[in-house]
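Numbering (the working numbering), first residue to last: 37 to 931.
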RNA sequence: GCGGGCGUGAUGGAAUUGGUAGACAUACCGGACUUAAAAUUCGGAAGCUUUGGCUGUGCGGGUUCGAGUCCCGCCGCCCGCACCA
């Protein structure tokens with residue numbers, strides 16, 4: 037299972053050397069040819085895109101990488117898919133924008149700086165250099181002239197400007213809030229970056245802290261972000277659903293309880309409920325442990341203080357929440373119902389009420405809410421049925437009655453006539469109308485989405501361009517002082533924020549009053565950087581503005597991105613932030629019209645690989661082992677000493693499992709085309725692909741086979757004009773070629789690369805039979821038809837295996853570069869069959885076949901089917917009950 | 001718990017959206033070539049079978065002339081969200 041071996045040197049194999057079969061054709065040697073073609077593309081500047089090109093535009097973008105050091109197989113898969121689309125659209129006549137850049141800010145650079153005493157900037161740029169070199173070996177058709185790095189002041193100066201513009205437009209806010217603190221990364225995190233109560237990078241349980249921080253007011257666009265999802269027809273439903281859930285819209289009734297005996301300043305208690313129809317069934321009210329009223333009560337009641345402390349101690353982790361029992365503390369206070377001041381309820385503090393959602397206070401209606409019921413049963417609170425099923429008079433036991441809102445029920449305890457049978461929705465609507473009319477409450481829309489916390493107590497990020505003055509407060513850095521650049525002389529030897537530790541950087545004067553003042557030492561969340569890079573690519577040369585309105589969107593502009601490709605892990609984070617940013621940029625004049633930045637989104641699956649373990653020692657890499665397969669039983673051993681190796685489960689490639697395959701090794705051994713072809717074959721692109729040595733070998737065999745096929749045929753078809761065979765023995769081949777061309781185009785349009793690959797295999801199998809029969813005696817028509825077939829094949833592989841396509845194109849004497857050739861047009865007349873083979877069924881089971889002209893009338897087909905031997909035998913001279921003829925599909929004789 | 005997706009040979013997966021199930025590939029087996037292997041090339045292969053067929057797309061029903069595909073009920077796996085009032 038070594039990656040080196042016999043392929044590497046590209047020496048011709050023996051059969052070719054001795055000319056056993058056809059003329060001697062040397063093995064295709066990608067290591068030699070691929071760099072040559074890459075150079076040819078560069079010199080021809082084929083992939084540099086002009087903004088003023090009049091052809092229709094197509095913008096293909098893959099999520100740009102974090103410069104971690106080296107590219108991995110996930111990048112190879114992602115960028116191969118994007119490149120296929122880019123090259124194919126180019127061949128279709130579009131002016132294609134296909135740029136690449138670097139998501140270059142982030143914590144790993146700081147960790148590297150701390151551990152290896154290097155500057156984060158130098159570390160980052162060194163990684164960019166390496167990875168750019170790796171991407172170049174993949175043969176991607178990228179416009180490197182537009183390359184950008186988010187850590188470049190030339191980029192982040194515009195981000196600082198937009199931050200200030202957003203602030204002016206009331207889209208930014210500095211506020212004190214309970215925030216997520218990651219104790220390992222020593223910074224705050226946005227809600228979206230906390231997964232199961234842990235930091236998304238560090239995995240450490242986050243703590244809640246009250247801090248004053250900068251927020252983007254993404255909640256001001258909740259409704260637009262939700263509505264916009266409807267328009268994203270070329271997004272996966274899964275991602276749309278996830279965003280919908282994240283925004284979490286709910287509609288209901290907002291009202292206020294009256295408060296009796298509460299501390300000074302607490303006259304009423306605002307509450308939100310989605311079940312207005314249950315307003316006559318509550319038996320208690322409850323507030324969160326962090327509710328201001330609970331805090332006030334805790335101040336002079338040690339028991340309450342102890343209880344609220346206990347609630348907080350349970351923590352926020354998923355496991356803790358799942359096992360947590362409902363806990364409550366009766367405050368002794370009473371609340372009064374908005375519709376009837378004499379209707380009093382006890383006020384509890386309960387651990388299952390969240391301060392983050394709604395108002396942090398609930399109305400407890402046990403009969404129709406499971407949580408409330410559990411709580412009521414535990415503390416012996418009454419349970420009052422508001423409505424019952426139509427067919428039963430039973431009261432609620434230990435299971436709350438929570439029918440769908442559209443279900444009709446019988447209301448027994450509400451403001452209307454008892455016994456009314458209506459749907460819950462109807463009852464809610466009526467209650468809401470009544471409450472609004474009487475002034476007891478109002479309809480309200482509630483969202484789960486929180487504002488986007490962007491402050492990070494880190495060094496390697498975009499500085500927040502704000503100066504804090506004791507007299508003037510937070511003051512924007514004046515435009516002529518932008519960018520606020522990061523200092524280079526920083527140390528990472530003590531924990532915390534290096535910008536804060538820097539001896540001089542933060543000290544400045546107030547732009548307003550001139551007094552001594554301090555710079556904001558926080559930097560922006562790196563998701564801010566990636567929220568607008570797609571717009572910057574449209575004119576990265578603009579020094580004065582983030583975008584150039586003529587080019588960014590609108591009539592002659594690029595946005596929205598026509599096809600965006602990346603991992604599902606950004607379903608909420610990056611994609612939601614970017615959608616917000618586009619709207620904010622439009623609101624501040626940095627975009628003309630576009631609100632949705634990504635018209636088409638594709639989320640590709642992961643690259644996974646078997647894991648290997650030496651018992652007692654741990655994981656080892658695929659390169660260190662060999663696999664033996666004896667009668668279908670696979671076993672593995674270590675190359676160095678023959679030790680037994682356990683073959684473990686297939687998992688996402690990761691350093692810790694050591695199941696990674698280095699793209700450099702693969703490209704050095706097999707070439708970029710093999711790696712690209714393998715990534716596109718077999719697995720549907722949205723699913724995980726299992727990287728296997730056998731699979732790569734198979735892909736490589738096809739590269740060699742196709743090359744041999746074309747090279748051997750070249751002398752016979754070079755200089756021949758391509759023309760399809762309309763009749764004769766080759767007409768079937770020509771038809772297959774045109775059909776394949778049509779189908780592959782359709783597959784590529786839907787990003788179904790695996791299907792396109794399978795069709796190309798089929799055509800190759802067909803052509804190889806015809807080509808091996810080709811000799812000097814072949815007629816002009818045969819040569820023309822085969823020439824066309826080969827040309828189609830080259831055109832179809834060109835987006836996927838661009839180097840091999842160039843080599844083949846050159847071999848058959850094509851002019852110019854394959855990368856510049858137009859996608860061929862199929863002949864509509866050749867993709868329809870004039871003779872069809874119809875399956876003939878008897879009672880739904882296939883019993884024969886029938887060859888008929890495509891335009892044969894159904895009666896004729898029926899007659900022919902009935903004349904078949906198999907049918908005649910089955911009929912035994914009787915009449916069929918029914919004969920179904922589905923044109924171009926099937927005949928079914930029912931007996 | 002809620003929401004979404006999936007279940008097809010040894011394996012990855014096709015199946016024109018209700019019309020020949022298993023395309024194509026991987027692995028495997030056999031022939032040719034070779035001293036031998038690799039490479040190449042040709043061929044085989046869902047299962048059972050009394051050779052006429054029968055069974056077969058997680059399981060059980062249903063609709064239909066016809067179901068991998070649609071409907072109902074289960075089972076299993078994956079993903080997302082979750083004490084969201």
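For each residue, glycine too, the CB sits at the ideal point set by N, CA and C.
Because the structure is a prediction, the values reported are computed rather than measured.
- Around the CB of residue 146, 16 or more other CB atoms lie within 10 Å, so the residue is classed as buried.
- Remark: fewer than three beta-carbon pairs, one from each stretch, lie closer than 8 Å, so the segment 443 to 460 and the segment 245 to 263 are not flagged as touching.
- The three-state reading of DSSP puts residue 270 in strand, counting E and B together.
- As for any alpha helix (DSSP H) of minimum length 4 sitting wholly inside the segment 126 to 157, the runs are 143 to 152, ordered along the chain.
- Segment contact: the segment 500 to 520 against the segment 580 to 595, fewer than three CB-CB distances shorter than 8 Å; contact not assigned.
- The beta-bridge partner set that DSSP reports for residue 243 consists of 217.
- The C-alpha of residue 570 is placed about 19 Å away from the C-alpha of residue 126.
- Assigned with DSSP and collapsed to three states, residue 163 falls in helix.
- The shortest C-alpha to C-alpha distance from residue 504 to any of 552, 483, 470 and 475 is the one to 552.
- Beta-bridge annotation (DSSP): residue 555 is paired with 503.
- In this structure, DSSP gives residue 664 an extended state, which the three-state scheme calls strand.
- Exposed is the label assigned to residue 342, since fewer than 16 other Cβ atoms lie within 10 Å of its Cβ.
- According to the DSSP assignment, residue 540 belongs to no alpha helix (DSSP H), since it is labelled neither H nor E.
- At a Cβ-Cβ threshold of 8 Å, residue 140 and residue 160 count as neighbours.
- Residue pairing by DSSP puts residue 560 in a beta bridge opposite 491.
- The closest CA to that of residue 494, considering only 466, 526, 837 and 689, is found on 526.
- Membership of residue 203 in the alpha helix (DSSP H) is indicated by the continuous run 189 to 204.
- For the 8 Å CB-CB criterion, residue 644 and residue 686 form a contact.
- Taking C-beta atoms as the reference points, residue 803 and residue 825 count as a pair closer than 8 Å.
- Taking each of 683, 426 and 417 in turn and checking the Cα distance to residue 671, the smallest one comes out for 683.
- Within the segment 692 to 756, the runs of alpha helix (DSSP H) at least 4 residues long that lie entirely inside it are, in chain order, 699 to 706, 708 to 716 and 729 to 753.
- Residue 447 is bridged by DSSP to 423 and 456.
- Taking the CA atoms as reference points, residue 107 sits about 20 Å from residue 565.
- For residue 258, the CB contacts under 8 Å within the same chain, skipping 5 residues up- and downstream, are 283, 285, 483 and 485 in chain order.
- Bounds of the alpha helix (DSSP H) holding residue 774 are 767 to 785.
- By the 16-neighbour rule on beta-carbons within 10 angstroms, residue 549 is exposed.
- The alpha-carbon of residue 157 is positioned some 11 Å away from that of residue 523.
- Taking 8 Å as the cut-off, the Cβ atoms of residue 559 and residue 499 count as close.
- For residue 711, the closest C-alpha among the options 759, 480 and 838 is that of 838.
- Fully contained in the segment 54 to 126 are the following alpha helix (DSSP H) runs of length 4 or more, in chain order: 66 to 80.
- Taking a contact to require three or more Cβ pairs closer than 8 Å, the segment 646 to 656 and the segment 604 to 623 do not qualify as touching.
- Nearest in C-alpha terms to residue 185, of all of 405, 253, 568 and 271, is 568.
- The bridge partners DSSP lists for residue 528 come to none.
- Straight-line spacing of the CA atoms in residue 213 and residue 226 works out to 12 Å.
- In this structure the segment 430 to 439 does not touch the segment 240 to 258; the number of beta carbon pairs closer than 8 Å is below three.
- When C-alpha distances from residue 922 are compared across 931, 888 and 908, the shortest belongs to 888.
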